[in-house]
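Colleague: Residue numbers (the numbering used here): -14 to 370. Even glycine gets a Cβ: it sits at the ideal position worked out from N, Cα and C.
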């Protein structure tokens, strides 16, 4: 039965062959008359397993062929068959995922439409959210500037008032709206109705973004005190990242204590590593200066904190527009040391926003048509071509 469960619906000939070769009634009669060919049956089962198993199970099946004890062989066969059955379940789920996802999208949209029919004002907060995003774009710098230009890195943040003459694009307005959710005031109850189900996940992403901002800022400041020798070692950088990440877990509840502990541990690690390499260790003045700068990182008005936060948000904006992999090709300065963590954060953010856009896209389109004038929409379309 397990072998049959591993077959695809179209494999009718193979199904018939297995049913004939492993006919239960016939095998029972042969066993009663002492004519059961155990060796032949085991070889047949192993051949079928080798034919049906996934490549990663080839080695396990080959090992079974070397077992001579019938009891151990039977036990091994059932163990590997169990693994093969799990492989088949995973394959089936993976094959059905696109269909399940499409069904989920249609189901979520239909349920929301039912609520909207009963409560026509259900999109009021969503409209206000997108209106604010459009207003932010008209007063913000262009998306994804040339990050190789160091002079642009300390420029105005995406929400600072610098006039932007670029025509509004529905896609860019929506991207700006999604980014604004990572700055959302928890006390603001006017959260977009279309994203209420994702509010907890967005809050988690916001927390991860803040943690990465602190981590990248710590690494940037620390590198200025230890030079390229220590930071040229991936092992040393990874160790500092692990230290910082573990100590920042309590940052939300006690920020001052957490950042103080980070500054002490990082300073100590740099001092000891320099000594171990036979280099000049940090002086007492340098140690005090390093700890002071690290402690100031927790303050949002801190220059390093502000610039790193701006760069990470710009990276996330590029992820929404260009995709994660393309955005990683040209990271702004100060972010290269957290590339892996940024990729993970960016992918989570893209996945969340992509699914939301698939579900509520028609509603967003209708709202954005009222926010963007036909002239702007035409200009944007021509430029994109």
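#1: How should residue 296 be labelled, buried or exposed, when 16 other C-beta atoms within 10 angstroms of its C-beta is the threshold for buried?
#2: List the endpoints of the continuous alpha helix (DSSP H) containing residue 104.
#3: Distance, Cα to Cα, residue 74 vs residue 29?
#4: Roughly how many angstroms lie between the CA atoms of residue 246 and residue 287, to the nearest whole one?
#5: Within its chain, find whatever has a CB closer than 7 Å to the CB of residue 334; leave out the 5 residues flanking it on each side and keep chain order.
#6: If you drop the 5 nearest sequence neighbours on each side, which residues of the same chain put their C-beta closer than 7 Å to that of residue 289?
#7: Identify whether residue 57 lies in helix, strand or coil by the three-state DSSP scheme.
#8: What is the DSSP secondary structure of residue 91, reduced to helix, strand or coil?
#9: Indicate the three-state DSSP secondary structure (helix, strand or coil) for residue 347 in the structure shown.
#10: Under three-state DSSP, which class holds residue 331?
#11: What do you get for residue 211, buried or exposed, if any count of 16 or more other CB atoms within 10 angstroms of its CB means buried?
#12: Which same chain residues end up closer than 6 Å to residue 193 when comparing Cβ atoms and leaving out the 5 residues on each side of it in sequence?
#13: Indicate the three-state DSSP secondary structure (helix, strand or coil) for residue 236 in the structure shown.
#14: Between which two residues does the alpha helix (DSSP H) holding residue 164 run?
#15: Assign residue 69 to buried or exposed, taking buried as 16 or more other Cβ atoms, counted over all protein chains shown, within 10 Å of its Cβ.
#16: How many Å lie between residue 157 and residue 351 at the Cα?
#17: Can you grab the Cα-Cα spacing for the pair residue 315 / residue 34, in whole Å?
#18: The alpha helix (DSSP H) spanning residue 48 covers which residue range?
#19: By a C-beta neighbour count over all protein chains shown, 10 Å radius and 16 as the cutoff for buried, is residue 14 buried or exposed?
#20: Could you have a look at residue 174 and say whether DSSP puts it in helix, strand or coil?
#21: Could you check whether residue 49 and residue 67 sit closer than 8 Å to each other, using their CB atoms as the reference points?
#22: I need the DSSP call for residue 114, collapsed to helix, strand or coil.
Modeller: Put simply:
#1: buried
#2: Unbroken run through residue 104: none, as it is neither H nor E.
#3: 24 Å
#4: 18 Å
#5: Cβ contact annotation for residue 334 (same chain, cutoff 7 Å, sequence separation greater than five): 190, 301, 304, in chain order.
#6: 202, 205, 206, 282
#7: helix
#8: The answer is helix: DSSP assigns residue 91 an H, G or I state.
#9: helix
#10: helix
#11: So residue 211 counts as buried.
#12: 330
#13: coil
#14: Per DSSP, residue 164 belongs to the alpha helix (DSSP H) from 155 to 165.
#15: buried
#16: 15 Å
#17: 48 Å
#18: 43 to 49
#19: exposed
#20: The DSSP-derived three-state label of residue 174 is coil.
#21: Contact: no.
#22: helix
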